[in-house]
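Q: For what it's worth, the numbering used here labels the leading residue of the sequence shown as 1, then goes sequentially.
The beta-carbon is built from N, C-alpha and C at its ideal position, and this holds for glycine as well.
Computed from a predicted model, the values in this text were never measured in an experiment.
Could you have a look at this structure, given as structure tokens, before my questions?
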Amino acid sequence: MAEEINQLTLPNEGELLPIGSVVTVKFLDQAVMIYGRKQEQQGEEQKIWDYVACPYPQGHLSNETNVFFNRDQIEAVVFKGLETAGELLLRERLKEVFEKRS
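Take a look at the structure:
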């Protein structure tokens, strides 16, 4: 039980995380902060990524430090961003739009 109480990460339920969430991803040693969802990487061939993030705590330094990844690449959720009624509505709309495209 002590291990569960001292856990410093949040469960990742598979839903899109809100902007401002801080996560660790499988291919990086540093945490990143999500600042965009359902993003197309410039130069890539029409691939839509679940997230674009920047290094945490440094923030967005340049386009070269953008990190694009999908939700299945998240190792841990360190901090979950603000969830308002508007955020929840937008997340539901994004889900609907991208389910129709699949």
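1. Check whether the Cβ atoms of residue 36 and residue 22 lie closer than 8 Å to each other.
2. Taking DSSP's pairing of strands, which residues face residue 40 in a bridge?
3. For residue 24, which three-state DSSP category applies?
4. Grouping DSSP H, G and I as helix and E and B as strand, with all else coil, what is residue 75?
A: Reading off the structure:
1. Cβ atoms of residue 36 and residue 22: not closer than 8 Å.
2. 48
3. strand
4. strand
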